[in-house]
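Student:
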Amino acid sequence: MSTQQKVAILAFPQISAFHLAVPCLVFHDAFIGTKPFDVRVCAESPGRFDSASPLGLEVREGLDWLASADIIIIPSWDKLEVSPSRELLDGLCLAQERGAQLVGLCLGAFVLAYAGLLDGRKATTHWAYAEQFRQLFPKVELDPNPLFVEQDSVLTSAGTAAGLDCCLHLLRNQLGNATATEVARLLVAPPYRSGGQKQFIPTVLPEAQVTQVGIRNTIERILADLSAPVTLDSAAEQSAMSRRSFTRRFKALTGISFTQWLINQRLNYSQQLLEEVGLGIARVAELSGFSNEGVYRKQFKLAYGISPKQWRQAFAAKA
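Shown next, in the form of structure tokens:
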């Protein structure tokens with residue numbers, strides 16, 4: 001009996017080939033041999049149609065595949081001011097009621113919003129369409145900064161490349177951090193990007209590029225040993241900058257403060273350590289660079305909504 005989870009990825013005429021390829025890569029193509037997911041591309045009208053790229057598509061599955069899918073991914077959407085068909089919206093609502101994971105990548109968040117599945121929930125989408133989204137869906141708590149937002153069984157992501165971050169996050173939830181990291185390595189992509197899409201919004205960043213190399217070298221040294229003590233002052237000194245200049249330029253380059261970036265990196269590393277057998281929570285906190293176990297537990301709970309112990313119980317077996 002198959003234990004594969006069923007994944008439905010929605011395609012439509014004039015869809016971007018890149019948007020469609022991202023979830024296919026993460027949940028299907030990256031696995032050689034045993035496939036943990038039964039991935040199907042579906043469409044409202046199966047058959048042949050053109051994509052937005054210079055290639056055609058042939059889709060064999062219809063929307064009936066949504067009825068049994070464990071994960072439904074809307075990679076994008078084209079007609080933002082036009083509500084999708086009633087059949088598609090009803091299919092998504094029924095899937096949500098039975099507990100399926102729903103994912104709106106980039107402009108795919110518009111489809112979930114049209115279905116009413118984001119009402120009262122936090123969500124994100126491509127920053128360039130944030131104002132249009134707010135006008136169409138005032139009941140949604142839109143935050144255009146994060147690369148992706150997860151609430152309950154609904155995931156939404158920022159634009160284009162952030163779909164890869166979102167899919168890797170979902171893969172991490174499903175199969176554990178080790179698998180997600182290996183897939184990211186195969187795709188030559190970072191397993192986790194901290195920061196938000198603010199760093200991609202066109203804006204003037206005075207002097208940001210002048211010291212980029214210095215900051216990058218500092219980041220590399222920190223990541224090489226996250227257990228080593230580091231402060232804002234010591235990081236600024238390593239970058240040959242004043243505290244004030246380093247703070248301003250680091251945020252201009254990453255989209256978040258140095259302190260929050262460091263916490264994010266340590267928490268991410270601690271997730272990997274939690275999946276290793278034999279390491280107590282206190283030892284994980286120490287190796288991750290937190291001053292004590294209490295501080296670590298508090299930061300972990302704040303970031304992920306669960307305790308380190310709960311994370312271990314959920315993901316250690318998958319690893």
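Mapping to the UniProt record's numbering: the sequence shown position 70 is 70, numbers consecutive.
The beta-carbon is built from N, C-alpha and C at its ideal position, and this holds for glycine as well.
Within 10 Å of its beta-carbon, does Asp165 have 16 or more other beta-carbons around it, so buried, or fewer, so exposed?
Tutor: The residue in question, Asp165, is buried, as its Cβ has 16 or more Cβ neighbours within 10 Å.
Student: Taking Cβ to Cβ, would you say Thr125 is nearer than 9 Å to Leu142?
Tutor: yes
Student: What residue range does the beta strand (DSSP E) around Cys166 cover?
Tutor: It is not in any beta strand (DSSP E) - Cys166 instead sits in the alpha helix (DSSP H) that spans Ala162 to Leu175.
Student: Distance check for Ser257 and Gln51, CA to CA, integer angstroms please.
Tutor: The residue you asked about is not Gln; residue 51 is Ser in the sequence shown. Going from the Cα of Ser51 to the Cα of Ser257 covers about 40 Å.
Student: When you compare the CB of Glu97 with every CB in chain B, is at least one pair closer than 9 Å?
Tutor: Here there is only one protein chain, and chain B is not present.
Student: In chain order, what residues of the same chain lie with their CB nearer than 6 Å to the CB of Asp38, ignoring the 5 residues before and after it?
Tutor: Gln4 and Lys6
Student: How many whole angstroms separate the CB atoms of Leu226 and Ser291, which I take to be in contact at a CB cut-off of 8 Å?
Tutor: Not quite, the Cβ-Cβ distance comes to about 13 Å (not below 8 Å), so this is no contact.
Student: Can you tell me which of the three DSSP states Val183 falls into?
Tutor: helix
Student: Report back the beta-carbon spacing between Val140 and Ala180 to the nearest angstrom; my notes put them in contact at under 8 Å.
Tutor: At roughly 28 Å, the Cβ-Cβ gap does not stay under 8 Å, so Val140 and Ala180 are not in contact.
Student: Three-state secondary structure (DSSP) at His19?
Tutor: helix
Student: Between Gly176, Phe110 and Arg134, which has its C-alpha nearest Val154's C-alpha?
Tutor: Phe110
Student: Determine the DSSP secondary structure at Ser157, reduced to helix, strand or coil.
Tutor: strand
Student: Under 8 Å by Cβ, that's how I've got Leu223 and Gln265 pegged, so tell me the actual separation to the nearest angstrom.
Tutor: 6 Å
Student: In whole angstroms, what separates the C-alpha of Gly108 from that of Glu237?
Tutor: Straight across, the Cα-Cα distance linking Gly108 with Glu237 is about 44 Å.
Student: If we ignore side chains and look at the alpha-carbon of each, how far apart do Arg60 and Arg48 end up?
Tutor: Each residue's alpha carbon lies about 9 Å from the other.
Student: Expressed to the nearest angstrom, what Euclidean distance is found between the alpha-carbon atoms of Ala285 and Tyr296?
Tutor: 6 Å
Student: Assuming Glu293 contacts Ala282 (C-beta within less than 8 Å), just tell me the rounded distance between them.
Tutor: 5 Å
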